[in-house]
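The sequence shown maps to residues 35 to 338 in our numbering. C-beta atoms are modelled at their ideal positions from N, C-alpha and C, and glycine is treated no differently. Following: one structure in structure tokens, then a few remarks.
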Amino acid sequence: MYGNAFIWQNPAHSAKETTLTAHERWFLGGPPQQSRRIQLLCLPHSGGGASSYRYWLEPLSDVADIRAVQFPGRENRRAEPFVTDGDVLLHRLTEAVMATSADHLALFGHSLGAVMATRLCMALEARGRTVRALIVSGHAGPTTVSGTSRSQTAQRFFDVLTNGQLSLADALVELGAMPEYVRDNASLQELLVPAIRADLRLIADEFLGTERVRAPVTVLAGVDDPLLTGLDFAGWRTVSPGECPVHWIPGGHFYLADQREQVAGVIRRLLGHHTPLTANADRVSVPPSPAAPQPADAAGRRPR
Numbered sequence: 035m036y037g038n039a040f041i042w043q044n045p046a047h048s049a050k051e052t053t054l055t056a057h058e059r060w061f062l063g064g065p066p067q068q069s070r071r072i073q074l075l076c077l078p079h080s081g082g083g084a085s086s087y088r089y090w091l092e093p094l095s096d097v098a099d100i101r102a103v104q105f106p107g108r109e110n111r112r113a114e115p116f117v118t119d120g121d122v123l124l125h126r127l128t129e130a131v132m133a134t135s136a137d138h139l140a141l142f143g144h145s146l147g148a149v150m151a152t153r154l155c156m157a158l159e160a161r162g163r164t165v166r167a168l169i170v171s172g173h174a175g176p177t178t179v180s181g182t183s184r185s186q187t188a189q190r191f192f193d194v195l196t197n198g199q200l201s202l203a204d205a206l207v208e209l210g211a212m213p214e215y216v217r218d219n220a221s222l223q224e225l226l227v228p229a230i231r232a233d234l235r236l237i238a239d240e241f242l243g244t245e246r247v248r249a250p251v252t253v254l255a256g257v258d259d260p261l262l263t264g265l266d267f268a269g270w271r272t273v274s275p276g277e278c279p280v281h282w283i284p285g286g287h288f289y290l291a292d293q294r295e296q297v298a299g300v301i302r303r304l305l306g307h308h309t310p311l312t313a314n315a316d317r318v319s320v321p322p323s324p325a326a327p328q329p330a331d332a333a334g335r336r337p338r
């Protein structure tokens, strides 16, 4: 199920990466540039590094420049301290993006990255930067808590990880957010767990706010993702300016590792490149428009 989900845990970095400016360090492979091609900024999942996107979204490289965001404390930025304040992280990332010359931006975020991509979209639009598309993956829609919009998926993480009954690694395995081979490998845990702990602090009080983005919002989710069982995606419509289709794709929380071509097919269509989907396209479903008569699972709940 997980395939290459954790291939990014490699601390090595090149001499070129040591010469990057403070803003350029946020982008693996260099900052996005002004171009006729779409610059797809990809924000990582909890505990994740940027290099996973080199594999996950490589099939899109002929239509978009994949620019994976690298948070401090990961991979080539391991020497930097983790940032556990969402507002601070957002401010620094927004400044880094604003310092680039890219003018054809789209955003993709998986799991925790879906929340941060949404906040980044809001921040960029407030600064006058146009975002062509916002694609959120592996994350249920926000829900209202005390008048603000909170992440359902983050709440599920938080509830399970703070119940004191399981170790962090065992709880992550139970949630489907860590494969057993990582839990059973002390070296991999040494690389992964500190980043996850930092991100759990980051998302513990993470709210999306109540404003909408101007970019069209699309949701991708794994059919068998245990983190999404029983949750719905209707909350994403409170963020989206219009329809908010949900694409269900075979796999668990890290479906991206095994369904690269299918994911690329969905994103190609979103970005205006109408190449056919793969043979498994019949497994991708899009719920009807919110304006249409709604079946029982119209909120986008995980199909059974």
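Own chain, CB closer than 6 Å to residue i, minus 5 neighbours either side, in chain order
| i | result |
| --- | --- |
| Ala102 | Leu62, Cys76, Ala84 and Tyr87 |
| Thr309 | Bear in mind that the predicted position of Thr309 carries a pLDDT of just 41, short of 50, making it unreliable; the figure below should be weighed with that in mind. Closer than 6 Å at the Cβ level, and outside the excluded window around Thr309, lie Arg302. |
| Ala298 | Pro93 and Leu94 |
| Glu58 | Pro65 |
| Ile72 | Ala98, His138, Ala140 and Leu305 |
| Thr134 | Pro65 and Pro66 |
Closest by C-alpha distance to residue i, when choosing among the options
| i | options | result |
| --- | --- | --- |
| Arg126 | Leu154, Asn110, Asp233 and Ile100 | Leu154 |
| Ala136 | His287, Leu146 and Asp99 | Asp99 |
| Arg231 | Leu206, Arg248, Ala56 and Trp60 | Leu206 |
| Arg20 | Thr55, Asp96 and Ser145 | Limits of the chain in this structure are 35 at one end and 338 at the other, which puts residue 20 out of reach. |
| Glu166 | Leu74, Val273 and Thr263 | For the sequence presented, residue 166 should be read as Arg rather than Glu. If we check each option's Cα against that of Arg166, Leu74 comes out closest. |
| Asp258 | Arg271, His287 and Glu109 | His287 |
Same chain, Cβ closer than 7 Å to residue i, five either side skipped, listed in chain order
| i | result |
| --- | --- |
| Gln293 | Ile283, Pro284 and Gly285 |
Inter-residue spacing [alpha-carbon to alpha-carbon] between residue i and residue j
| i | j | result |
| --- | --- | --- |
| Val251 | Glu277 | 8 Å |
| Ala130 | Leu139 | 14 Å |
| Ala313 | Tyr89 | No answer about Ala313 holds up, because its pLDDT of 31 lies below 50 and its placement is not dependable. |
| Gly172 | Ala113 | 29 Å |
| Leu290 | Ser145 | 11 Å |
| Val122 | Thr128 | 10 Å |
| Gln104 | Gly264 | 31 Å |
| Glu159 | Trp60 | 19 Å |
| Phe142 | Arg235 | 22 Å |
Expected contact under 8 Å - CB spacing of residue i and residue j to nearest Å
| i | j | result |
| --- | --- | --- |
| Thr233 | Gly120 | It is worth fixing the name first, because residue 233 is Asp in this sequence and not Thr. The pair is not a contact, with the Cβ atoms about 10 Å apart (cut-off 8 Å). |
| Ala151 | Val170 | 6 Å |
| Ala25 | Leu124 | Nothing can be reported for residue 25, as the shown portion of the chain is limited to 35 through 338. |
| Pro275 | Val247 | 7 Å |
Contact set for residue i: own chain, Cβ-Cβ below 8 Å, skip 5 residues either direction
| i | result |
| --- | --- |
| Val216 | Phe40, Ala203, Leu222, Gln223 and Leu226 |
| Pro375 | Coverage of the chain is limited to positions 35 through 338, which leaves residue 375 absent and any answer about it impossible. |
Beta-ladder partner(s) of residue i, from DSSP
| i | result |
| --- | --- |
| Gln73 | Asp99 and Leu139 |
| Leu168 | Leu141 and Val251 |
| Ile283 | Gly256 |
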